[in-house]
Amino acid sequence: MQETKYKALKYIRLSSADDLKNGESDSVANQRRLLDDYLKNHPEMEVVGEYVDDGVSGIVFDRPSFNAMMAIIQDGGANCILTKDLSRLGRDRIETGRYLRRIFPAFGVRFVAINDNIDTLNDSTDGLYISVKSIINDEYCRDISIKTRSALDVKRANGDYTGACPVYGYKKDETDRNKLVVDGYAAEIVRDIFRMKIDGYSSARIAKTLNERGVLSPMEYKKDRGLPHPKGGYADRNGAKWCPTTIIRILSDETYTGTLVQGRYGTPTYKLREIVQRPEDEWHRIENAHEAIIQRHNFDLAKKIMRLDTRTAPKGDKVYLFSGILICGCCGNRMTRKTVPYKGENYYYYWCPTGKKNGCTDSVMIKERDLIDCVLGNIKAHIVNIASLETLIAGIDATSIARGLADRLTEQIAENERRLDKIRGYKASLFENMMNGNLTKEEHRALKDKYSQDAEMLITANAQLRNEAEAVLSCRHERMAWTGHFTKFESLDTIDRRTVIHLIHSIRVLGKNEIEISFNYQLEYENAVELFTKEAA
Ligand SMILES: [Zn+2]
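Counting with my numbering, you get residues 1288 to 1824 for the letters of the sequence shown.
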């Protein structure tokens, strides 16, 4: 038989309310059974004592039995601690880390957390660090999932589709009813709709075009294919055609970008039966939940065009080349197009409708033809700039850029961690303060809630930052992707509405011969220029 080397102490902690939030409910008996089973296979350990803290929070370390156990250790009465998992030892990770890396080694204590596979006898310092870290990460995941309110919400958080009737263009996956897959035919129609919108069609004209082509409306299509569709009501009447409302609904639906948006509607309280639209920031939004039909920037573009349309041509069929983009340099109003017939020919001008009476003292009337020439020349010059910038930046070591970006994110993560530790410290002292009578129960609860909220916010922020940092390092981010937006217009020789909308944010008319063009992706452009000048310096 192997010689006994370790004088072991069993440590058992029964979960308090703090832990129960995390869904734990280990009885003392269960923990003891687990420890005893483990001991059967470890004859090198001899049990010299058992310590139980019943219902004491894992956040504070000042627990009666724990203190008694540490006193034995300090007296040299034992040199091994056995526990079910790391969180039995403590939930405050700073303190836990201090025990693991400083105190236990200082007293020559072997520490074993069975379910976390931690045994300081086997673990090198680095190995220990990694296993501790992974447990902390698990805890983050748990923390985040606690926030979800119901089983349905949990499903949504996973990116599962919970609705009964998928939006036009998608259908439910045959093998996984919780996933959306692209419906080839309908998806093509959706792409047509976005294409037409970007090319300057009004929603009414898109609807008319589809009806003329004999394309079935979403409702009729779903009925025709035997797909699930909402029953009853106005929409269910036979022979429903495409109408502008349907077009607008499709153009506004983020689902087409691959983002799953759910929980848009709900009942405000359990007492009310009616279903209302929830505020947008309460929607469940999960990116890349399914295959995209429309690229993000095209979706944004269509959205921008719709916004411009409502201000320029709410009912009309045609949107003019510069509608909504041309701004009066004097008063800031949007300029309007007008036709001037002269000797049997039509000339087109843009002018400011504000008028002198309403404060536009210095408005300019500008010829569309002149504007087109000027804008075209400027676009071409801008594209040349971007193309050469792209080449220059391609020469810079991409890894060093990614490293720099990731470092900045990591710094923010560390900063948030520091704040988080502080908050946890405050939280721990609250408990003591209530025990000492410095705080009433109500004050304790109110402060605790506040600290919990702050901590939750930081945890969420850090989870996001970590994803970002990881993406940056694996170069999944497309740093210069926006340049393609311009360079694809390289061989441009005329401009149409689509080009204008794609490339230009706004044009201010300052004088007959003076305009100021603000391009899309201006910020990205300036960042790239800055990046290059820094690298070149
Ligand atoms: Zn004006």
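Positions of the beta carbon are idealized from the N, C-alpha and C atoms, including for glycine. Quick caveat: nothing in here was measured; it's all calculated off a predicted structure.
- Between leucine 1613 and valine 1454, the C-beta spacing is not below 8 Å.
- In this structure, Gly1456 is the residue among Gly1456, Ala1668, Gln1751 with its C-alpha nearest to the C-alpha of tyrosine 1508.
- The stretch 1310 to 1343 is shown to contain whole beta strand (DSSP E) runs of 3 or more residues at 1332 to 1340, in chain order.
- Per DSSP, reduced to three states, the secondary structure at glutamate 1801 is strand.
- When DSSP states are grouped into helix, strand and coil, glutamate 1632 belongs to the strand group.
- Valine 1468 has its alpha-carbon roughly 28 Å from the corresponding atom of alanine 1750.
- Minimum Cα-Cα distance from alanine 1527 among the listed residues Val1502, Leu1547, Ile1535 corresponds to Val1502.
- Residue selection by CB proximity (closer than 6 Å to any heavy atom of ligand 1) returns Cys1615, Cys1617, Cys1618, Asn1620, Cys1639, Thr1641, Cys1647, Ser1650 in chain order.
- Three or more beta-carbon pairs drawn from the stretch 1658 to 1673 and the stretch 1776 to 1783 are found closer than 8 Å, and the two stretches are therefore classed as touching.
- Residue burial is scored here from C-beta neighbours: leucine 1538 has at least 16 other C-beta atoms within 10 angstroms and is therefore classed as buried.
- For valine 1548, the closest of Leu1301, Thr1532, Asn1575 by C-alpha to C-alpha distance is Asn1575.
- With a 10 Å radius around the Cβ and a threshold of 16 neighbouring Cβ atoms, arginine 1375 comes out buried.
- With a cutoff of 8 Å on beta-carbon distance, tyrosine 1298 and asparagine 1366 are scored as not near each other.
- The beta carbons of aspartate 1340 and arginine 1300 sit about 5 Å from each other, so the pair counts as a contact at 8 Å.
- The continuous beta strand (DSSP E) containing tyrosine 1457 extends over residues 1457 to 1459.
- Closest option to valine 1396, judged by alpha-carbon separation, among Lys1630, Leu1369, Asn1720, Gly1712: Leu1369.
- In this structure the stretch 1739 to 1758 touches the stretch 1694 to 1701; the number of beta carbon pairs closer than 8 Å is three or more.
- Per DSSP, the beta bridge partners of valine 1469 are Tyr1457.
- Around the C-beta of arginine 1656, fewer than 16 other C-beta atoms lie within 10 Å, and the residue is accordingly described as exposed.
- Fewer than three beta-carbon pairs drawn from the stretch 1643 to 1652 and the stretch 1665 to 1677 are found closer than 8 Å, and the two stretches are therefore not classed as touching.
- In the DSSP assignment, threonine 1648 falls outside any beta strand (DSSP E), carrying neither H nor E.
- Tryptophan 1638 has Thr1623 as its beta-bridge partners, per DSSP.
- DSSP places threonine 1533 inside the alpha helix (DSSP H), whose first and last residues are 1531 to 1538.
- Judged by DSSP in its simplified three-state form, cysteine 1661 adopts helix.
- The C-alpha of proline 1505 is placed about 32 Å away from the C-alpha of leucine 1790.
- For isoleucine 1580, the closest of Ile1592, Thr1774, Cys1617, Asp1540 by C-alpha to C-alpha distance is Asp1540.
- Residue state for aspartate 1349 is assigned as coil, using DSSP reduced to three classes.
- Contact between the stretch 1581 to 1596 and the stretch 1481 to 1498 is present, with at least three C-beta pairs closer than 8 Å.
- In this structure, alanine 1295 lies near valine 1335, with their beta-carbon atoms less than 8 Å apart.
- Per DSSP, reduced to three states, the secondary structure at lysine 1292 is coil, with no helix or strand assignment.
- Residues Phe1348 of the same chain have their beta carbon placed closer than 6 Å to that of glutamate 1382, with the five preceding and five following residues left out of the count.
- Residue pairing from DSSP places tyrosine 1298 in a beta bridge opposite Tyr1338.
- Annotation: the continuous alpha helix (DSSP H) that includes threonine 1786 extends over 1784 to 1790.
- In the structure shown, the three-state DSSP call for lysine 1775 is coil.
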